[in-house]
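J.: My structure is below; once you've seen it, I'll send some questions.
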Amino acid sequence: MSSKNSYGTVLKSSSIMGGAAGLNMLVLMVRVKFAAVLIGTLGVGLLANFMVIQKLIQTIAGLGLTTSAVRDIAEASGKDNGQALGRSALTIRRVCWISGAAGALAVVLLAPLLSEWTFGDGRYTYEISLLGIVVFLSNLSDAHSAIIQGMRQIGYLAKIQVASAILGSIVTIIFYALMGVEGVVYGLLSSAFIQLGVVRFYSKRIVIPEVVMTWRESFSEAGGMIRLGLAFMWTALLASLVAYATNAMITHQISLQAVGIFSAAFALSGMFVNFVLTAMGADYYPRLVSVAQDKLAMNLMVNEQTEIGLLLAVPGILITLSFAPWVIQLFYSSEFLPAVDLLQWFLLGCLIRVIQWPMGFLQLALGKAVWFSFSQSLFHVVHVLFVWIGLSYIGVEGVAVAFFMLYMFSLGVIMLIARRLTGFKWSKETVRLILIFTPVVVLVFIASKVLPIWPATIFGLIVSIVVGMLCLRGLILRVGHDHRLTRMACKVIKVKFICGS
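Just so you know, we're using this note's numbering here: the sequence shown kicks off at 344 and counts up by one.
Right, here's the structure in full:
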């Protein structure tokens, strides 16, 4: 594959999933705007706590199976092994049904304790019990999504994201309007039902070879998935525990409203980078698995993904940094303005996150469960330590500072592991982009902290426009002038510097 074709593949997957993630994010932000108005910081904080509880139990119930199943399905599909593909698909559906049911039961039984640990009393026991249904439905959805992702049906994944977000948001907003804060848990429940319905609709469109397997054979088949999946589950569990611990610490040390402020800033910080990270997880990972026997090809793919990721994400990071106060008021309300300082620190961490993520997938693609478990365990322990220190000495803003410090630390560790596994090095072009974009983002960050609001905004806007033009030019140079996205962009922006002659 030529260099331009390779860059084009990266950009295509990023644009499909990124566009869907962007639209999905806008829909969710509309939901959040209604939440801010209808249920306030208290309701947003309550929603955040419910979501981390659900994620924690769902992570345990999932056993990491969906992530390992993506690898197995992608490998079978790449080798055109219909029998293995059918067995993997049937196994993941069956096992996720059982593990989801077990997770739902666990939530019901643990609801009084979870309410006590999270909120300090048992007033939310009933609502937490209902989250058990959400866990079950989400587990079933994940099984179907794993099959779709493993088959690299990126278009279906994009449609699922958008349809689920729109339908789920409509129903959720109705619950907020009718029930206020009491409608939070019912919004989560309805969204889970909708998500399952949409993902099943698209999964049925994928032709999977039918196989005949007993349940005993399915459990035997699941053994391999579980061995790798436990590594994924362990790290995902740690991530869920960190999220739960962070929210619980903020709730106990400050207030539930402070959790709402933190959650608002964290959600917005990912608005312009999630489309890049979503594309990495959806298409980049299966492609990386397909060349896992060729370390040079893997390293090339990591560099290309890093370049495209930076060129796509940096303009959005700069714009959000520059307009942080207005972004908060646009998507939330003036009640959430304390989130501005957190948002700026989160965005700084997101830049490092975009740089690090492509390298992090090397461990997964190579099936290095021990390396993956070790590195992620280290990062989560360090993260909790940073959060505790930041919260104790700085307050809720310290949680955002901890996020930035975590990614600075993890970047160095991931680089060492990547070099050990594949001899990875950044290409000269990747280094050049990092050395250009990092100081620029830091400069706009500092300006937003030290300058009055209007000078800081104008300065940030000018920098964002210039960098945005350079990034667009960089994308065009990489994919070529014949690429469909290039032609579309140059029809709108007729600037010779960007589009050439």
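C-beta: ideal position from N, C-alpha, C; glycine also. Small disclaimer: the values here were computed from a predicted structure and weren't measured.
1) According to DSSP, simplified to helix, strand and coil, what is E740?
2) Could you tell me the distance, in whole angstroms, from the CA atom of V478 to the CA atom of Y519?
3) Which word fits W769, buried or exposed, when buried means at least 16 other C-beta atoms lie within 10 angstroms of its C-beta?
4) Which runs of the alpha helix (DSSP H) fall wholly inside the stretch 649–719 and span at least 4 residues, in chain order?
5) Do you know how far the Cα of I808 is from the Cα of V845?
6) Can you tell me where the alpha helix (DSSP H) with R775 in it begins and where it stops?
7) Can you give me the Cβ contacts of T461 inside the same chain, cut-off strictly under 6 Å, excluding the 5 residues immediately before and after it?
8) For V541, count the other beta carbons within 10 Å of its own beta carbon; 16 or more makes it buried, fewer makes it exposed. Which is it?
9) Let me know the secondary structure DSSP gives D637 once reduced to three states.
10) Identify the continuous alpha helix (DSSP H) that holds E553 and give its terminal residues.
11) Looking at C-alpha atoms only, which residue of A378, V370, L366 is the closest neighbour of S606?
12) What residue range does the alpha helix (DSSP H) around I805 cover?
13) Residue range of the alpha helix (DSSP H) that I382 falls in?
14) If you draw a straight line from the C-alpha of A712 to the C-alpha of W797, how long is it?
15) Using a Cβ-Cβ cutoff of less than 7 Å, which residues in the same chain neighbour L776 once the five nearest sequence positions on both sides are dropped?
16) I need the boundaries of the alpha helix (DSSP H) containing S598, first residue and last residue.
17) Taking the alpha carbon of V602 as the point to measure from, which residue in L709, N642, F679, L480 has its own alpha carbon closest?
18) I'd like the list of long-range same chain contacts for A586, defined as Cβ closer than 8 Å, with 5 residues on each side in sequence excluded.
19) Can you grab the Cα-Cα spacing for the pair S720 / H726, in whole Å?
20) In its own chain, which residues sit with a C-beta less than 6 Å from the C-beta of M372, not counting the 5 before and 5 after it?
21) Looking at F747: is its Cβ nearer than 8 Å to the Cβ of L691?
22) In its own chain, which residues sit with a C-beta less than 6 Å from the C-beta of A799, not counting the 5 before and 5 after it?
23) So, helix, strand or coil for F767, using DSSP?
24) If you follow the alpha helix (DSSP H) that Y545 is part of, which residue opens it and which one closes it?
T.: Taking the geometry as given:
1) Start at 1 with the first residue of the sequence shown, and residue 740 comes out as number 397. Of the three classes helix, strand and coil, the one that applies to E740 here is helix, per DSSP.
2) Residue mapping note: residue 478 aligns to position 135 of the sequence shown, counting from 1. Residue mapping note: residue 519 aligns to position 176 of the sequence shown, counting from 1. About 21 Å.
3) Translated into the one-based positions of the sequence shown, residue 769 becomes position 426. It is buried - the Cβ of W769 has at least 16 other Cβ atoms within 10 Å.
4) 667–674, 682–708
5) There is no way to answer for residue 845, as the model of the chain reaches only from 344 to 844.
6) Within the sequence shown, residue 775 is the residue found at index 432, counting from 1. Where R775 is concerned, the enclosing alpha helix (DSSP H) stretches over 771–793.
7) If you number the sequence shown from 1, residue 461 lands on position 118. For T461, where only same-chain residues beyond five positions count, the Cβ hits under 6 Å are N392, A591.
8) The sequence position of residue 541 within the sequence shown is 198, counting from 1. Answer is buried; the Cβ neighbour count reaches 16.
9) Position 294 of the sequence shown, counting from 1, holds the residue named residue 637. Three-state DSSP puts D637 in coil, outside helix and strand.
10) One-based indexing of the sequence shown puts residue 553 at position 210. Looking at the DSSP string, E553 is not in any alpha helix (DSSP H), and its letter there is neither H nor E.
11) In the sequence shown, residue 606 corresponds to position 263, counting from 1. Of the candidates A378, V370, L366, the one whose C-alpha sits nearest the C-alpha of S606 is A378.
12) Here residue 805 refers to the residue found at position 462 of the sequence shown. Its alpha helix (DSSP H) spans residues 796–822.
13) For this step, residue 382 is matched to residue 39 along the sequence shown. Where I382 is concerned, there is no enclosing alpha helix (DSSP H), given that its DSSP letter is neither H nor E.
14) In the sequence shown, counting from the first residue as 1, residue 712 sits at position 369. In the sequence shown, counting from the first residue as 1, residue 797 sits at position 454. Rounded to whole angstroms, A712 to W797 spans 49 Å at the Cα level.
15) As a working mapping, residue 776 is identified with position 433 in the sequence shown. These residues qualify, in order along the chain: E650, L653.
16) Numbered from its first residue, the sequence shown carries residue 598 at position 255. No alpha helix (DSSP H) contains S598, which DSSP labels as neither H nor E.
17) Here residue 602 corresponds to residue number 259 of the sequence shown, with the count starting at 1. For V602, the nearest C-alpha among the options comes from F679.
18) On the sequence shown, position 243 is the one that residue 586 refers to. The residues are V395, K398, L399.
19) Residue 720 sits at position 377 when you count from the first residue of the sequence shown. Residue 726 sits at position 383 when you count from the first residue of the sequence shown. Computed Cα separation, rounded: 10 Å.
20) One-based indexing of the sequence shown puts residue 372 at position 29. Taken in chain order, the residues that qualify are F674.
21) Taking the first residue of the sequence shown as position 1, residue 747 is located at position 404. Taking the first residue of the sequence shown as position 1, residue 691 is located at position 348. Yes, these two residues count as a Cβ contact at 8 Å.
22) In the sequence shown, counting from the first residue as 1, residue 799 sits at position 456. Answer for A799: A790, S791, listed in chain order.
23) As a first step, residue 767 is located in the sequence shown; it is residue number 424 there, counting from the start. Reduced to three states, the DSSP call for F767 is coil.
24) The count along the sequence shown starts at 1 and reaches residue 545 at position 202. 527–546 is the extent of the alpha helix (DSSP H) around Y545.
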